[in-house]
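Right, one structure below, let's go through it.
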Amino acid sequence: MATYWDPFQEMDRLFGSLALNTRNAPAMPMDLFREGDHYILATDLPGIDPGSIDVSCEDRTLTIRAERTPRSGEGQWLLRERPSGTVARQLTLGRGLALDQISASYADGVLTLTIPVSEEAKPRRIEVSHSASSPTAIEAGS
1 MATYWDPFQE MDRLFGSLAL NTRNAPAMPM DLFREGDHYI LATDLPGIDP GSIDVSCEDR
61 TLTIRAERTP RSGEGQWLLR ERPSGTVARQ LTLGRGLALD QISASYADGV LTLTIPVSEE
121 AKPRRIEVSH SASSPTAIEA GS
């Protein structure tokens, strides 16, 4: 019976068990969904000072940046899993969004952005007109 053994996979498993298990979890998890004629982006930012949150949009790139300050004190750390420092995330937004009308709110550790769809991109009905005139006859010239 043959057995496949990958030494690199074994090293990843070993280092993964020694290091903090934050490799698979993003520092700023988010949900994005469409509700009617706008998109809702909800980002988890627990423990963030609301004054440190910076949301900007430049050339269809939305950037969210926030600062989590480390706890200061004279105590001895027994367990330290909550990251501190600057966290940032960028998203490239598609066309058809009203980027100048994005609104943001922060409550209970969740940053919520509302991104409306632009008027030009909204579906609309186009009225088809028809004429009730009689058909015109085309005569051949001699």
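Those letters in the sequence shown? Residues 1 to 142, by the UniProt record's numbering.
Ideal Cβ positions, reconstructed from N, Cα and C, are used throughout, including at glycine.
Where PRO116 is concerned, the enclosing beta strand (DSSP E) starts and stops at 110-116. Looking at the DSSP output, ALA107 bridges to VAL110. Following the DSSP letters along the chain, one finds LEU32 inside the beta strand (DSSP E) bounded by residues 30-35. Counted as a single uninterrupted DSSP element, the beta strand (DSSP E) harbouring HIS38 occupies residues 38-44. Membership of ARG65 in the beta strand (DSSP E) is indicated by the continuous run 61-68. A distance below 7 Å between beta-carbons, with the five flanking residues on each side excluded, links SER105 to the following residues of its chain, in chain order: THR112. Taking a contact as a CB-CB distance under 8 Å, the pair ARG68 and PRO83 counts as one, their CB atoms being some 7 Å apart. The alpha carbon of MET30 has as its nearest neighbour, out of TRP77, ALA98 and ILE64, the alpha carbon of ILE64.
CA-CA distance, VAL87 to GLU127, rounds to 50 Å. When secondary structure is reduced to three states using DSSP, LEU97 falls in the strand class.
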